[in-house]
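Student: The opening position of the sequence shown corresponds to residue 35 in our numbering, with each subsequent residue numbered one higher.
Idealized CB from N, CA, C, for every residue including glycine.
Owing to the predicted nature of the structure, the values given are computational and were not obtained by experimental measurement.
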Amino acid sequence: MKEIVLDTETTGISVKEGHRIVEIGCIELDNLIPTKKKFHCYLNPERKVSEKAFEVHGYSDSFLSDKRKFGEIADDFLQFIKDKRLIIHNAEFDLSHLNNELKIIGKNKIDNEVVDTVSLARNKFPGSQISLDALCKRYRIDNSKRVQHTALIDCDLLAKVYINLIDQKEPTLDFKNIDEDVSKLGTGKIIYSKKIVKPSPEELKNHQTYLKRYLNKNYF
35 MKEIVLDTET TGISVKEGHR IVEIGCIELD NLIPTKKKFH CYLNPERKVS
85 EKAFEVHGYS DSFLSDKRKF GEIADDFLQF IKDKRLIIHN AEFDLSHLNN
135 ELKIIGKNKI DNEVVDTVSL ARNKFPGSQI SLDALCKRYR IDNSKRVQHT
185 ALIDCDLLAK VYINLIDQKE PTLDFKNIDE DVSKLGTGKI IYSKKIVKPS
235 PEELKNHQTY LKRYLNKNYF
């Protein structure tokens, strides 16, 4: 099953106050394994970035001024997420901003199936901190690159957190060298087996001779 881990950065918190999206990041998962497909763009929000938002992501008005507007990337974005489950940390925030951008350009709201990892974390760890940083710490995921919030870095971390939240071990194998039939099982899991090597009669005889020799010398 294909899923999209999604994150946005904005000019501020509230859509009602006119805040807009400045960055969208998406990473595709196929049966919980990241593919090479990503969607990423910076956006000109057509308004100033609030001081608090700048402290979070560091994108200045001058940096964003020559970037494309949401309407220019909307079709590519919608095609990328089409018919795929969305994995979002605090989905209400990101979806409210994305749907607002779509409304501005006259397009329908996102109707994908959505998994909110905040809800997953609350159910699994009631009363505990459920920020992305806190979950990375809980699962011993290296988040040292997250000096500031950037969409693709947050997506990468969230993908690892998500796999842990649903009790699936994070896939770390290189499936290029695995038998094609096995890699197409579609379970995201590999069944491991060990080949049993039995000693030959001659090897058993030599082993017995070896033991008798050293037993006679009081080695044991």
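Within its chain, find whatever has a CB closer than 6 angstroms to the CB of Leu98; leave out the 5 residues flanking it on each side and keep chain order.
Tutor: Reading the sequence shown from its first residue, position 64 is the one you call residue 98. Within the same chain, Leu98 has close Cβ partners Val56, Asn78.
Student: Per DSSP, what kind of secondary structure is Phe73 in: helix, strand or coil?
Tutor: One-based indexing of the sequence shown puts residue 73 at position 39. Strand, per DSSP.
Student: Please list the terminal residues of the continuous beta strand (DSSP E) segment that includes Lys36.
Tutor: Stepping through the sequence shown from its first residue, residue 36 is reached at position 2. Counting along the chain, the beta strand (DSSP E) containing Lys36 begins and ends at 36-44.
Student: Which same chain residues, not among the five before or five after Leu192, have their C-beta less than 6 angstroms away from its C-beta?
Tutor: What you label residue 192 is simply residue 158 of the sequence shown in a count that begins at 1. Excluding sequence neighbours, Leu192 sits near Val39, His123.
Student: Output the distance between the C-alpha atoms of Ala155 and Ile121, rounded to the nearest integer angstrom.
Tutor: In the sequence shown, residue 155 corresponds to position 121, counting from 1. In the sequence shown, residue 121 corresponds to position 87, counting from 1. When rounded, the distance between both Cα atoms is 13 angstroms.
Student: For a test of the three-state rule: what should DSSP assign to Pro68, helix, strand or coil?
Tutor: Translated into positions along the sequence shown, residue 68 becomes position 34. Here Pro68 sits in strand by DSSP.
Student: Going by beta-carbon coordinates alone, are His91 and Glu43 separated by less than 7 angstroms?
Tutor: Residue numbering aside, residue 91 sits at position 57 when the sequence shown is read from its first letter. Residue numbering aside, residue 43 sits at position 9 when the sequence shown is read from its first letter. Yes, Cβ-Cβ distance for His91 and Glu43 is below 7 angstroms.
Student: Mapping DSSP to helix, strand and coil, what is Arg119?
Tutor: For the purposes of this step, residue 119 is taken as the residue at position 85 of the sequence shown. Note: Arg119 maps to strand in three-state DSSP.
Student: Distance check for Arg81 and Phe73, CA to CA, integer angstroms please.
Tutor: Taking the sequence shown and counting its residues from 1, the one referred to as residue 73 is at position 39. Taking the sequence shown and counting its residues from 1, the one referred to as residue 81 is at position 47. Looking at the two C-alpha atoms, the distance is approximately 23 angstroms.
Student: Would you list, in sequence order, the uninterrupted beta strand (DSSP E) runs of no fewer than 3 residues that lie entirely inside the region 71-151?
Tutor: Counting whole runs of 3 or more residues, the region 71-151 contains the beta strand (DSSP E) stretches 119-122, 148-150.
Student: Hey, would you say Val32 sits closer than 7 angstroms to Ile164, going by beta carbons?
Tutor: Residue 32 lies beyond the range of the chain shown here (35 to 254); nothing can be said about it.
Student: My output table needs one value for Ile58: the three-state DSSP class, helix, strand or coil.
Tutor: By 1-based counting over the sequence shown, the position of residue 58 is 24. In this structure, Ile58 counts as strand in the three-state DSSP scheme.
Student: Residue range of the alpha helix (DSSP H) that Arg171 falls in?
Tutor: In the sequence shown, residue 171 corresponds to position 137, counting from 1. The residue you asked about is not Arg; residue 171 is Lys in the sequence shown. From DSSP, the alpha helix (DSSP H) with Lys171 extends over 166-172.
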